[in-house]
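*Asks:* Before anything else, here's the structure in question.
Protein chains: 2
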Amino acid sequence: MNPAATLDPLLAGMPPVAAMQVHALDLSEGVLRLRAPLAANVNDKGCAFGGSLSGVMTLAGWGWLMLAAQQAGLPSEVYVADSQVRYLAPLYEDLVAEARLRGDQDWPAIARTLAERRRASATLQCAVRAADGVVVATLEARFALKRIESATG
Amino acid sequence: MNPAATLDPLLAGMPPVAAMQVHALDLSEGVLRLRAPLAANVNDKGCAFGGSLSGVMTLAGWGWLMLAAQQAGLPSEVYVADSQVRYLAPLYEDLVAEARLRGDQDWPAIARTLAERRRASATLQCAVRAADGVVVATLEARFALKRIESATG
Numbered sequence: 001m002n003p004a005a006t007l008d009p010l011l012a013g014m015p016p017v018a019a020m021q022v023h024a025l026d027l028s029e030g031v032l033r034l035r036a037p038l039a040a041n042v043n044d045k046g047c048a049f050g051g052s053l054s055g056v057m058t059l060a061g062w063g064w065l066m067l068a069a070q071q072a073g074l075p076s077e078v079y080v081a082d083s084q085v086r087y088l089a090p091l092y093e094d095l096v097a098e099a100r101l102r103g104d105q106d107w108p109a110i111a112r113t114l115a116e117r118r119r120a121s122a123t124l125q126c127a128v129r130a131a132d133g134v135v136v137a138t139l140e141a142r143f144a145l146k147r148i149e150s151a152t153g
Numbered sequence: 154m155n156p157a158a159t160l161d162p163l164l165a166g167m168p169p170v171a172a173m174q175v176h177a178l179d180l181s182e183g184v185l186r187l188r189a190p191l192a193a194n195v196n197d198k199g200c201a202f203g204g205s206l207s208g209v210m211t212l213a214g215w216g217w218l219m220l221a222a223q224q225a226g227l228p229s230e231v232y233v234a235d236s237q238v239r240y241l242a243p244l245y246e247d248l249v250a251e252a253r254l255r256g257d258q259d260w261p262a263i264a265r266t267l268a269e270r271r272r273a274s275a276t277l278q279c280a281v282r283a284a285d286g287v288v289v290a291t292l293e294a295r296f297a298l299k300r301i302e303s304a305t306g
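Listed in order, the protein sequences are those of chains P and V.
Straight run, no breaks: the first sequence in the working numbering ends on number 153.
Straight run, no breaks: the second sequence in the working numbering ends on number 306.
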């Protein structure tokens, strides 16, 4: 079972994300990848809409943390707090966004904070790559996690 | 005639923007406002999806420049180059985004550059405000303008 696929019902449940037709591709070696078809995300110039590039990268970072928190036994709500986006080149293909924890971030330490204080924050690095591997957009975002208290907790 | 309304066919022509149901409200005293209904832009937590907040603010900045270039007799393609976004509070209402030129930017100078060199860049400040006036998200973005050459030019 592909653990990334557990995101699909959540993605499909958000109307603007359903409209972008975003779905999970895979989670491998700490990198989550999401895909969205160009046809649903095209702008007035025939290439990927900037809002969709930014949106699918934000969702990849959000999804990375949703999965990591769940796998750590700490299911959480995940909120984006701020982000920096760079649009480097037009994209005339489907959007494939990847997300990973930024190199200076320590997931075990973040999970400990989340377990102890019910809140934590984490910074993710995301990118959209064309099929030839060229990065066409990047996003770095800080997210806040809020652990969901169990009914018995 | 509300000049902002000339944006509506462009907005409706982009599938992801049509899905967000974004339309122009008004352009007044240098501020362009766009609106999108919450129902089409809601996330898993019942408030406005971050990707939609960022998207509608980016579109407000893009629209500001599309209108300004057209009104200057310099119709252009407008591309977002980079942006910084801050998500300050959840929004449980329709999304109303406003865009204005950043205070240090000089539109007549930008238009002269666009006329002479066919390319220019400009930085816009955008925000989403709740009905009570509280700012719930901000976006600052740099855009590139590329003047459309006339067939006879």
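Ideal Cβ placement from N, Cα and C applies to all residues, glycine included.
Answer with yes or no whether the minimum CB distance from Y240 (chain V) to chain A is below 7 Å.
*Replies:* Among the chains of the structure shown, chain A does not appear; the protein chains present are P and V.
*Asks:* Could you tell me the distance, in whole angstroms, from the CA atom of V184 (chain V) to the CA atom of R239 (chain V)?
*Replies:* Position 31 of the second sequence, counted from the first residue, corresponds to residue 184 (chain V). Position 86 of the second sequence, counted from the first residue, corresponds to residue 239 (chain V). Roughly 20 Å between the two C-alpha positions.
*Asks:* State the beta-bridge partners of D106 (chain P) as determined by DSSP.
*Replies:* The sequence position of residue 106 (chain P) within the first sequence is 106, counting from 1. Beta-bridge pairing links D106 (chain P) to no other residue.
*Asks:* Any contact between the region 56–64 of chain P and the region 208–224 of chain V? By contact I mean 3 or more CB pairs, one from each, below 8 Å.
*Replies:* Short answer: they don't touch.
*Asks:* To the nearest angstrom, how far is the alpha carbon of C279 (chain V) from that of P156 (chain V)?
*Replies:* Position 126 of the second sequence, counted from the start, is the residue given in the question as residue 279 (chain V). Position 3 of the second sequence, counted from the start, is the residue given in the question as residue 156 (chain V). Their backbone Cα atoms lie some 19 Å apart in a straight line.
*Asks:* Which stretch, first to last residue, makes up the alpha helix (DSSP H) that contains A5 (chain P)?
*Replies:* For the purposes of this step, residue 5 (chain P) is taken as the residue at position 5 of the first sequence. Element bounds for A5 (chain P): n/a, residue is neither H nor E.
*Asks:* Return the residues of the region 156–173 of chain V that lie within a Cβ-Cβ distance of less than 8 Å from chain P, sorted by chain order.
*Replies:* Residues L163, G166, M167, P168, P169, V170, A172, M173.
*Asks:* Is it true that the CB of Q258 (chain V) sits closer than 7 Å to the CB of A273 (chain V)?
*Replies:* Locating residue 273 (chain V) in the second sequence gives position 120, where the first residue counts as 1. Locating residue 258 (chain V) in the second sequence gives position 105, where the first residue counts as 1. Not closer than 7 Å, so no.
*Asks:* From the DSSP secondary-structure annotation, give me the bridge partner or partners of S76 (chain P).
*Replies:* On the first sequence, residue 76 (chain P) is found 76 positions in, with the first residue counted as 1. Answer is P:R147.
*Asks:* Let me check one thing: in DSSP terms, what residues is V128 (chain P) bridge-paired to?
*Replies:* The residue given as residue 128 (chain P) occupies position 128 in the first sequence. Partner(s): P:A97, P:A137.
*Asks:* Give me whichever residues DSSP pairs with D179 (chain V) in a beta bridge.
*Replies:* For the purposes of this step, residue 179 (chain V) is taken as residue 26 along the second sequence, with counting starting at 1. Answer is V:R186.
*Asks:* Residues in the region 199–226 of chain V with C-beta within 7 Å of chain P's C-beta atoms, listed in sequence order?
*Replies:* Going along the region 199–226 of chain V in chain order, one finds F202, G203, G204, S205, S207, G208, T211, L212 with a Cβ nearer than 7 Å to chain P.
*Asks:* Per DSSP, what kind of secondary structure is R265 (chain V) in: helix, strand or coil?
*Replies:* What you label residue 265 (chain V) is simply residue 112 of the second sequence in a count that begins at 1. If DSSP states are grouped into helix, strand and coil, R265 (chain V) belongs with the helices.
*Asks:* Determine the direct distance from the alpha carbon of D8 (chain P) to that of E93 (chain P), and round the result to whole angstroms.
*Replies:* If you number the first sequence from 1, residue 93 (chain P) lands on position 93. If you number the first sequence from 1, residue 8 (chain P) lands on position 8. The straight-line gap from Cα to Cα measures roughly 21 Å.
*Asks:* Taking Cβ positions, are A40 (chain P) and P190 (chain V) nearer each other than 7 Å?
*Replies:* Here the question's residue 40 (chain P) lines up with position 40 in the first sequence. Here the question's residue 190 (chain V) lines up with position 37 in the second sequence. In this structure, P190 (chain V) does not lie closer than 7 Å to A40 (chain P) by Cβ.
*Asks:* Using 8 Å for Cβ pairs, my map puts S205 (chain V) next to L248 (chain V). What's the rounded Cβ distance?
*Replies:* Taking the second sequence and counting its residues from 1, the one referred to as residue 205 (chain V) is at position 52. Taking the second sequence and counting its residues from 1, the one referred to as residue 248 (chain V) is at position 95. Right, their Cβ atoms sit about 6 Å apart.
*Asks:* Given a limit of 7 Å on CB to CB distance, which residues of the region 97–127 of chain P reach chain V?
*Replies:* For the region 97–127 of chain P, which is checked against every Cβ of chain V, not one residue is closer than 7 Å.
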